[in-house]
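*Asks:* Residue numbers (mature numbering (1 follows the signal peptide of the UniProt record, and there is no 0)): -21 to -1, 1 to 496.
The beta carbon of each residue, even a glycine, is placed where N, CA and C say it ideally should be.
Model, not experiment: these values are computed from the prediction.
Structure below; questions to follow.
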């Protein structure tokens, strides 16, 4: 099969005690290309160590290697065994460099199961989703029509010409399992960057892709390089822990008089280490301008916040919502939809039929543009509780529709209900979580929404609950009504995040002992 691509992955670890917060990727790193093939398991076939690779002088469909070390080539014909790493990994942050001959094909399989395609896609059209370089290759089922499914094309064809070195940077999240071994969360490509361009964001994979080395799913697995589909060489394969979940900020936590523009906000988020931003549709004058600023800094637009009215005599949503879906095409961005009504009281099931009808229309449009919807529970709105969001999403039953857990609204509406049970009931439809500092006994927004370094609420315990439930998706910083200097607030919240989020790290043991700082 044809599918190969880059990788970035992590292993999250539970670090106890008073260990200082650290950047996992700086403490652990594992090189898989050394002076020989000793990091790869078993029979390595015709793979050989080389110093560099280039196109054959007489045949651009061949690669020739220069004697030396630092790279590996899959033999004289490009038809040899796959390489499987000796070490097993779960979550990883991966950097991989590769070079292909004309029309050649390879792939990088995370855990030996989930492929990012490597292919000569230079100036080529795609015959099917996932075959392109940087694509997430399709799954395969002989009993289905069509047999291939869940292939994901890269948002942009970032390929270089054959004979040029290219790179992948991937953050990969392994599937999660409960104590009984039942899968509770799918594998996820959190981010795939091809030659410096983000091509995938937050893509779930429900099972092994075609031609995987293994049919089952497990918490850990080997990295695999496909070796039998044509000439390919690799170098600089570095794996490190992926760290905690992606952490982004609401626009209300970023915008102030010092940061009024998309550029100023993007610059600040990038400098402070945030993964991106969410915006209110009615507060963003130009999605395209914002996306340009974010793309330049490899930041993501995680969500766009917009409203739906389910009353029979009201327009259900602004025409701008459809425009936003088109502007977000291919990005897998979340539409955060809050739902209001004057006809129905909060949480009333009498509004479900109308809500489902409206959402069905939006979900179909969003799916055509590779956009997702996450229902957004909000105090005093019709869709008020996480239970309401789960109920409506279950009735709608669309793969691109899920729910959001908002800490501040849960504390305002139903703090007596167990967050652990609510989160477990929301999985696997849980697409996003929002947090902030809060007082456990708070009753107004001043006490329920604070910077992350403040409040009496046990944030570390809450994040631990998320991790134990198998949640690997993005986490947002709510900033509504906090006031003060946005940069200072973001700085202190990021420092608190690094401390609290240690419980979201996975097992870093495969990466060896922590390096001294």
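From 308, 138, 395, 91, pick the residue whose C-alpha is nearest to that of residue 105; which is it?
*Replies:* Considering only alpha carbons, the answer is 138.
*Asks:* In this structure, how does DSSP classify residue 43 when only helix, strand and coil are distinguished?
*Replies:* Here residue 43 sits in strand by DSSP.
*Asks:* Drop a sphere of 10 angstroms on the beta-carbon of residue 99, count the other beta-carbons inside from all chains shown, and report buried for 16 or more, exposed for fewer.
*Replies:* Under this definition residue 99 is a buried residue.
*Asks:* Looking at the unbroken alpha helix (DSSP H) that takes in residue 370, where does it start and where does it end?
*Replies:* Per DSSP, residue 370 belongs to the alpha helix (DSSP H) from 365 to 375.
*Asks:* So, is residue 480 buried or exposed, given that buried needs 16 or more other C-beta atoms within 10 angstroms?
*Replies:* Residue 480 should be labelled buried.
*Asks:* Using a Cβ-Cβ cutoff of less than 6 Å, which residues in the same chain neighbour residue 188 once the five nearest sequence positions on both sides are dropped?
*Replies:* So the list reads 93, 94, 116, 118, once near-sequence residues are dropped.
*Asks:* Indicate whether the contact test is met: 3 or more Cβ pairs, each with one atom in the region 245 to 256 and one in the region 458 to 478, closer than 8 Å.
*Replies:* Taking 8 Å as the limit for Cβ pairs, the verdict is that the region 458 to 478 does touch the region 245 to 256.
*Asks:* Relative to the C-alpha of residue 13, which residue among 271, 64, 34 is closest?
*Replies:* If we check each option's Cα against that of residue 13, 64 comes out closest.
*Asks:* Using alpha carbons as the reference points, say which of 33, 69, 88 lies closest to residue 220.
*Replies:* Answer by Cα proximity: 69.
*Asks:* Locate the alpha helix (DSSP H) running through residue 117, then write down its first and last residues.
*Replies:* Careful: residue 117 lies outside any alpha helix (DSSP H) and carries neither H nor E.
*Asks:* Only counting runs of 4 or more residues, tell me where the alpha helix (DSSP H) segments fall wholly within the region 54 to 112, in order along the chain.
*Replies:* You should have found no qualifying run.
*Asks:* I need the DSSP call for residue 289, collapsed to helix, strand or coil.
*Replies:* Reduced to three states, the DSSP call for residue 289 is coil.
*Asks:* Indicate the three-state DSSP secondary structure (helix, strand or coil) for residue 473 in the structure shown.
*Replies:* Residue 473: helix per DSSP, three-state reduction.
*Asks:* Note down the Cα distance separating residue 357 from residue 448, rounded to an integer number of angstroms.
*Replies:* Residue 357 and residue 448: Cα-Cα distance of roughly 23 Å.
*Asks:* Out of 245, 287, 236, which one is the CA nearest neighbour of residue 261?
*Replies:* It is 287 whose Cα lies nearest to the Cα of residue 261.
*Asks:* Give the secondary structure of residue 131 by DSSP, where H, G and I count as helix, E and B as strand, and everything else as coil.
*Replies:* Strand.
*Asks:* Going by DSSP, name the residue or residues bridged to residue 149.
*Replies:* Residue 149 is bridged to 73, 171.
*Asks:* Would you identify the three-state DSSP class for residue 38, choosing helix, strand or coil?
*Replies:* Coil.
*Asks:* Tell me, which residues are paired with residue 385 by DSSP?
*Replies:* Answer by DSSP bridge pairing, in chain order: 413.
*Asks:* If you reduce the DSSP assignment to three classes, tell me which class residue 305 lands in.
*Replies:* Reduced to three states, the DSSP call for residue 305 is helix.
*Asks:* Which whole-angstrom value is the C-beta distance of residue 41 and residue 8, which I expect to be below 8 Å?
*Replies:* About 33 Å; that fails the 8 Å criterion.
*Asks:* May I ask you to report which of helix, strand or coil DSSP gives residue 267?
*Replies:* Three-state DSSP puts residue 267 in a helix.
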